[in-house]
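Residue numbers (this note's numbering): -1 to 227.
Ideal Cβ positions, reconstructed from N, Cα and C, are used throughout, including at glycine.
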C-alpha cells in the first residue's frame, strides 16, 4: 500500500527561508506512531513452563524417554537390545545385593595378629571391579552382535540387488530370453495409414518478412487484394 496520498506530519512549505536556514523549535506534539507501545511485560502463567514447573521436571529423563521412543519406532531391535541390557544390569545388581546379604563366616585365624583383616573398602572395590568387568564384557558382546547383524544385512542386500540386476539383464536381452522374445519387426506409427499424409511436402513456404511500414506490409497487401479489387 502506497503512502503517497497520506498527509505528512510536518509538510515542507515554500518561502524565503527555504534552503536549510529554517529554524525549528522543540515541539510538544507527538505523532501516534511515535508513542511508546507494549510498556508492560507478560509473565508466564501456570501451564506455560514457568520457572517453578521447570525446576520440578527431570529434563534428562524426558530426553532419554523421547530418544528411546524415537529409536524404538525406527528400529525394533534397538528396543529389544535396550530391554536385554536393562535386564542384564538388573541381574548384576541383584547378584551384587545377594553377595552383600550373604553372611561371611569368620576365619579361624582372625584373632591372629600376623594375619591382617580385610577391610570393607577393599571388598567393595573388588565387587565394583567385578561388576565393571562384567558390564564391559556385556557391552563388547552387544557391539559384536550389532556388527555381525549389520554385516549380515549388507551381505543379504547386496545378494538381492545382484539377483535383481541379473534378472533384468536376462529379460532385456531377446537373444537370451527366447520364451518371451517378441518379433524383431519395427513397430509402425499410429498415423501410418492416414489418407492425407505429407500433402505439403512439395510446397515451398514463403518466408515471412518484417517491414516497418503499414502500407507496404504483406498483411496490408493481402487485405487490398481480398477486399479492394
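Review point. How about residue 48 and residue 55: are their beta carbons less than 8 Å apart?
Key: By 1-based counting over the chain shown, the position of residue 48 is 50. By 1-based counting over the chain shown, the position of residue 55 is 57. Taking 8 Å as the Cβ cut-off, residue 48 and residue 55 do not qualify as a contacting pair.
Exercise for review: Find out if the Cβ-Cβ distance for the pair residue 216, residue 207 is shorter than 8 Å.
Suggested key: Start at 1 with the first residue of the chain shown, and residue 216 comes out as number 218. Start at 1 with the first residue of the chain shown, and residue 207 comes out as number 209. The Cβ atoms of residue 216 and residue 207 lie closer than 8 Å to each other.
Exercise for review: Let me know the secondary structure DSSP gives residue 113 once reduced to three states.
Suggested key: As a working note, residue 113 is residue 115 in the chain shown. Here the model assigns residue 113 a pLDDT of 48, short of 50, so the residue's position is not dependable, and the following value carries that caveat. Here residue 113 sits in coil by DSSP.
Exercise for review: Look at residue 58 and residue 140 and say whether their C-beta atoms are less than 8 Å apart.
Suggested key: Taking the chain shown and counting its residues from 1, the one referred to as residue 58 is at position 60. Taking the chain shown and counting its residues from 1, the one referred to as residue 140 is at position 142. Contact flag unset, no.
Review point. How is residue 226 classed by DSSP in three states: helix, strand or coil?
Key: Mapped onto the chain shown, residue 226 falls at position 228. Coil, per DSSP.
Point to revise | Span of the alpha helix (DSSP H), counted from its first residue to its last, around residue 66 | key: The residue labelled residue 66 in the question sits at position 68 within the chain shown. Segment 57 to 72, the alpha helix (DSSP H) holding residue 66.
**Study point:** Collapsed DSSP secondary structure at residue 40 in the structure displayed
**Key:** In the chain shown, residue 40 corresponds to position 42, counting from 1. Three-state DSSP puts residue 40 in coil, outside helix and strand.
Point to revise | residue 54, DSSP secondary structure in three states | key: Counted from its first residue, the chain shown places residue 54 at position 56. Collapsing the DSSP output to three states places residue 54 in a helix.
**Study point:** Distance between residue 190 and residue 226 (C-alpha atoms, nearest Å)
**Key:** Counting from one through the chain shown, the residue named residue 226 turns up at place 228. Counting from one through the chain shown, the residue named residue 190 turns up at place 192. One C-alpha to the other measures close to 44 Å.
Practice item. Give every residue of the same chain whose Cβ lies closer than 8 Å to the Cβ of residue 218, excluding the five residues on either side of it in the sequence, and list them in chain order. Key: Position 220 of the chain shown holds residue 218. Answer for residue 218: 212, listed in chain order.
Exercise for review: Return the CA-CA distance between residue 214 and residue 192, expressed in angstroms with no decimal places.
Suggested key: Taking the chain shown and counting its residues from 1, the one referred to as residue 214 is at position 216. Taking the chain shown and counting its residues from 1, the one referred to as residue 192 is at position 194. Residue 214 and residue 192: Cα-Cα distance of roughly 41 Å.
Check your understanding: Run through DSSP, which three-state label would residue 35 get?
Key -> If you number the chain shown from 1, residue 35 lands on position 37. In this structure, residue 35 counts as coil in the three-state DSSP scheme.
Check your understanding: What do you get for residue 113, buried or exposed, if any count of 16 or more other CB atoms within 10 angstroms of its CB means buried?
Key -> Counting from one through the chain shown, the residue named residue 113 turns up at place 115. Because the pLDDT at residue 113 is just 48, under 50, the model does not fix this residue reliably, and the value given afterwards should be weighed accordingly. Counting the other CB atoms within 10 Å of its CB gives residue 113 a total below 16, which places it among the exposed residues.
Point to revise | Length of the line joining the Cα atoms of residue 188 and residue 220 | key: In the chain shown, residue 188 corresponds to position 190, counting from 1. In the chain shown, residue 220 corresponds to position 222, counting from 1. One C-alpha to the other measures close to 38 Å.
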